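Sequence lines, in order, name chains Y and U.
According to the working numbering, the first sequence is numbered sequentially starting from 1.
According to the working numbering, the second sequence is numbered sequentially starting from 295.
Note that beta-carbon positions come from the ideal geometry of N, C-alpha and C, so glycine has one too.
Every value quoted in this text rests on a predicted model; they were computed, and no experiment measured them.
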Amino acid sequence: MRLVRRRSAIDGLGSASPAGRALGVGILVLASCYFLVPLIWVAISSTKSDTDLINGFGLWPGSHFQLTSNLSTLFDTEGGIFGRWMLNSAFYSLTSAAGAAVLSAMAGYVLSKHRFRGRGLVLAATIGAIMIPPQTLVLPTFLMLSKVQLTGTPWSVILPMMVSPIGVFIAKTYADAAIPDDLLDAARVDGASDTKIFWTIALRLMMPAVVTVFLLTFVANWNNYFLPLVMLSDNSTYPVTVGLTNWNEVANAGLQVPYSVIVTGALLAILPVIAVFVCTQRYWQGGLTAGGVK
Amino acid sequence: MSTAAPRPVELRRPAPTRRRPFARLPVTVTLLAPFVAMFVVFYVVPIVWSFRTSLFANRLIGGQTFQGLDAYSRALHDPDFLHGFSNVGILCLIQVPISLGIALALALILDRGVRGGGVYRLLIFVPYAVPTVIGGLMWGFMYDPKIGPVGQITEALGLGTANLLSQQWMLFSIGNILTWGGTGIAMVILYTALKAIPRDLEQAAAVDGANRWTVMRTIKIPLLLPSIGLVLLLAVIATLQLFNEPSVLASLAPQVIGQDYTPNLYAYNVAFHGSQVDYAAALAFVLAGIVLIVSYGGIAIARWRVRK
């Protein structure tokens with residue numbers, strides 16, 4: 001009589017039939033390759049010259065290692081505008097992320113812990129707005145901003161992205177869970193003003209949510225294409241997404257910019273966000289769960 | 295020791311803990327106002343303004359005239375606009391389920407527990423970090439018969455070459471880019487939800503003799519339905535509003551990707567190349583309306599199913 005059940009029957013996980021596990025791992029490896037291949041391609045292609053790009057096999061290094069010269073061509077082309085684009089992306093993304101984080105934290109906290117007339121309305125409007133994808137608003141916002149002649153300025157890109165309904169929702173949900181009402185009451189009894197309570201107590205407790213909102217907005221902004229495309233017309237104000245795509249169009253029309261430069265530019269354009277994601281994994285993974293993914 | 299009769303217990307309800315007036319209104323306003331003000335300016339006003347714009351035709355001849363809802367009926371009958379919808383519609387019906395199916399499969403495999411699971415999760419997720427246009431750009435290069443490895447690989451595998459940027463392949467090629475970039479986030483959401491399922495359920499089922507397939511079918515997937523619904527909804531909303539990938543590939547294959555390839559692309563071109571701002575506004579509203587209908591329809595269906 002079998003006295004000891006197979007381990008798999010007890011914990012329900014872990015060991016399964018070896019074939020089953022191998023299949024699972026195989027699928028994972030296959031999937032990872034699929035997701036990785038374009039990135040590997042970009043990295044390798046950045047080290048090639050144009051001739052190598054055309055002649056060699058896509059995923060294999062070329063005959064010469066050209067990364068440094070590609071990089072220097074990249075930053076020289078058109079008077080170094082690529083560097084400008086990267087700086088623009090960084091500036092737009094950091095500013096709007098900071099703004100969104102602060103605005104969302106304040107609003108989320110108030111919606112969570114304060115009572116006031118109209119609270120329900122604001123909350124409902126915010127949640128309703130989450131359903132509206134930002135893209136829908138780009139053309140209307142452009143129409144509105146062009147009337148006040150704000151289009152073409154960095155603000156036309158930064159300000160709209162500072163409004164983050166989902167950021168407010170994340171902040172509020174987190175504040176609900178992480179800030180005990182008793183703590184606030186105790187502070188009030190001690191005579192702290194509400195403002196002080198927010199800035200010294202609540203904000204500290206809400207930090208993970210604030211960081212999540214910062215990251216989400218940063219990434220959304222860095223990756224944004226449609227909004228800056230519509231709002232900006234001057235080459236020197238472009239973020240790297242718009243600039244690089246512009247070069248691509250130009251290159252496909254047969255003009256100046258070599259493929260190797262564009263590919264190298266693409267590599268540089270994606271590195272910051274990937275780095276940010278990798279380094280901050282725990283924050284946004286935590287933020288997703290706190291955000292109420294039911 | 296007191297021998298007196300105990301004092302009768304006060305039966306009066308204890309005075310309610312009087313909270314001080316919860317928070318002073320000025321502070322509330324100060325903290326909330328920035329967000330609300332920006333929200334009004336960048337969400338409410340543009341929508342209202344756009345609607346107003348769509349009501350007035352602005353033509354070189356005749357100046358500005360009130361046209362009521364004419365632009366909207368024009369939009370609903372515009373073959374170019376509808377053509378865009380057929381394209382994104384096909385993507386919604388085919389690409390989205392495939393992408394979600396892959397995400398679900400990967401999430402289930404990872405949830406079971408694999409050595410190095412974290413690494414796989416990261417690798418699968420990384421494409422989401424890539425800006426969609428850059429992703430489109432990269433894949434455009436990879437599809438390119440001159441320099442891309444896709445053609446080289448398929449040839450080596452004996453599958454021959456096809457022009458992935460041709461009319462017949464274009465939707466597939468775009469769908470591939472969308473799957474590449476979007477499956478990661480779906481997988482992460484589903485994986486997170488799977489992790490929230492209490493282990494006891496699985497163990498109880500296992501003790502009852504269920505094998506892993508049964509566990510998956512009867513426990514995990516049903517509990518996962520809300521998250522699946524969420525991911526599905528997000529994917530459909532995003533796909534209906536597709537703009538970036540076709541826009542990037544347009545320069546590579548201008549004869550395939552016309553100005554009306556997707557509804558959003560059409561609205562954009564009408565606004566910026568056709569200079570018919572009023573019509574573009576109407577188009578944007580119709581598209582938004584359809585997205586809203588789909589969203590609320592999806593939510594309503596979900597609620598109805600839950601109630602059953």
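In whole angstroms, what separates the C-alpha of residue i from that of residue j?
i, j, result
"U:Arg460", "Y:Val168", "Note that residue 460 of chain U corresponds to Ser in the displayed sequence, not to Arg. Their backbone Cα atoms lie some 44 Å apart in a straight line."
"U:Ile428", "U:Ile471", "11 Å"
"U:Leu458", "U:Leu543", "11 Å"
"Y:Thr151", "U:Ala565", "15 Å"
"Y:Ala290", "Y:Thr173", "Bear in mind that the predicted position of Y:Ala290 carries a pLDDT of just 47, short of 50, making it too unreliable to give a figure here."
"Y:Val125", "Y:Val263", "Residue identity differs from the one stated: residue 125 of chain Y is Ala in this sequence, not Val. Approximately 43 Å between the Cα atoms of the pair."
"U:Val444", "Y:Leu271", "23 Å"
"Y:Thr241", "U:Leu495", "47 Å"
"Y:Val189", "Y:Tyr109", "19 Å"
"Y:Thr217", "U:Asn352", "36 Å"
"Y:Val122", "Y:Ile170", "15 Å"
"Y:Thr245", "Y:Ala251", "10 Å"
"U:Ile522", "U:Ile384", "20 Å"
"Y:Ser226", "U:Leu404", "For clarity, residue 226 of chain Y is Phe in the given sequence; the question names Ser instead. When rounded, the distance between both Cα atoms is 34 Å."
"Y:Leu71", "Y:Val257", "13 Å"
"Y:Ile201", "U:Val330", "23 Å"
"U:Thr477", "U:Tyr485", "12 Å"
"U:Gly362", "U:Arg368", "11 Å"
"U:Met332", "U:Arg511", "46 Å"
"U:Phe375", "U:Gln535", "13 Å"
"U:Val390", "Y:Asn223", "21 Å"
With a 10 Å radius around its C-beta and 16 neighbouring C-beta atoms as the bar for buried, classify residue i as buried or exposed.
i, result
"Y:His114", "buried"
"Y:Ala19", "exposed"
"Y:Arg84", "buried"
"Y:Asn235", "exposed"
"Y:Cys33", "exposed"
"Y:Lys294", "Low confidence applies to Y:Lys294: its pLDDT is 33, below 50, so where it sits in the model is not reliable enough to give any reading."
"U:Arg415", "buried"
"U:Pro516", "exposed"
"U:Glu449", "exposed"
"U:Arg506", "buried"
"U:Asp372", "buried"
"Y:Ser49", "buried"
"Y:Asp76", "exposed"
"Y:Leu267", "buried"
"U:Phe419", "buried"
"Y:Ser112", "buried"
"U:Ser348", "buried"
"Y:Met106", "buried"
"U:Ile595", "exposed"
"U:Thr359", "exposed"
"Y:Met144", "buried"
"Y:Ser15", "Low local confidence applies: a pLDDT of 48 at Y:Ser15 is under 50, so the model's placement there is unreliable, and no value is given."
From the options, pick the residue whose C-alpha is nearest to that of residue i; which is it?
i, options, result
"Y:Val261", "Y:Phe142, Y:Leu232 and Y:Thr51", "Y:Thr51"
"Y:Val210", "Y:Thr77, Y:Gly80 and Y:Ser164", "Y:Ser164"
"Y:Pro38", "Y:Gly24, Y:Trp60 and Y:Leu28", "Y:Trp60"
"U:Pro520", "U:Trp598, U:Ala499 and U:Leu559", "U:Trp598"
"U:Arg493", "U:Val420, U:Ile388 and U:Arg406", "U:Arg406"
"U:Gly469", "U:Leu370, U:Leu326, U:Leu387 and U:Ala582", "U:Leu387"
"U:Gly340", "Y:Gly128, Y:Thr153, Y:Ala107 and Y:Pro140", "The identity of residue 340 of chain U in the sequence shown is Pro, whereas the question assumes Gly. Closest by alpha carbon: Y:Pro140."
"U:Leu488", "U:Leu402, U:Leu581 and U:Ile384", "U:Leu402"
"U:Tyr337", "Y:Ile44, Y:Phe218, Y:Thr47 and Y:Ile132", "Y:Ile132"
"U:Leu465", "U:Val408, U:Thr508, U:Glu539 and U:Pro439", "U:Glu539"
"Y:Thr68", "Y:Leu87, Y:Ile44 and Y:Ala100", "Y:Ile44"
"Y:Thr280", "Y:Tyr238, Y:Asn248, Y:Leu215 and Y:Glu249", "Y:Leu215"
"Y:Ile296", "U:Leu453, U:Leu536, U:Phe537 and U:Val424", "Not covered by the structure: residue 296 of chain Y. The range shown for chain Y is 1 to 294."
"Y:Met231", "Y:Ile40, Y:Trp247 and Y:Lys147", "Y:Lys147"
With a threshold of 8 Å between beta carbons, is residue i in contact with chain A?
i, result
"U:Tyr414", "Looking for chain A here will not work: the only protein chains present are Y and U."
The ligand SAH and residue i: does the residue's C-beta get closer than 7 Å to at least one heavy atom of that ligand?
i, result
"U:Asp572", "The model on display carries no ligand, and the ligand SAH is accordingly not part of it."
Is the stretch 519-535 of chain U touching the stretch 584-594 of chain U, taking contact as three or more C-beta pairs under 8 Å? yes
Pairs of beta-carbons, one from the stretch 143-163 of chain Y and one from the stretch 89-102 of chain Y, closer than 8 Å: are there three or more? yes
Inspect the CB distances between the stretch 196-210 of chain Y and the stretch 178-188 of chain Y and report whether three or more fall short of 8 Å. yes
Just to confirm the assignment: which complete alpha helix (DSSP H) runs, minimum length 4, are found wholly within the stretch 160-194 of chain Y? 165-178 and 181-189
Please determine if the stretch 431-443 of chain U and the stretch 537-557 of chain U are in contact, where contact requires at least 3 C-beta pairs separated by less than 8 Å. yes
Of all the beta strand (DSSP E) runs that stay within the bounds of the stretch 469-508 of chain U, which reach a length of 3 or more residues? none
With a cut-off of 8 Å, do at least 3 Cβ pairs link the stretch 477-489 of chain U to the stretch 571-587 of chain U? no
Pick out the complete alpha helix (DSSP H) segments inside the stretch 549-602 of chain U, 4 residues or longer, and give them in chain order. 557-566 and 571-601
For a minimum of 4 consecutive residues, which ranges assigned as the alpha helix (DSSP H) are wholly contained in the stretch 204-244 of chain Y? Complete alpha helix (DSSP H) runs here, min 4: 207-222 and 226-231.
Pick out the complete alpha helix (DSSP H) segments inside the stretch 327-387 of chain U, 4 residues or longer, and give them in chain order. 339-348 and 364-371
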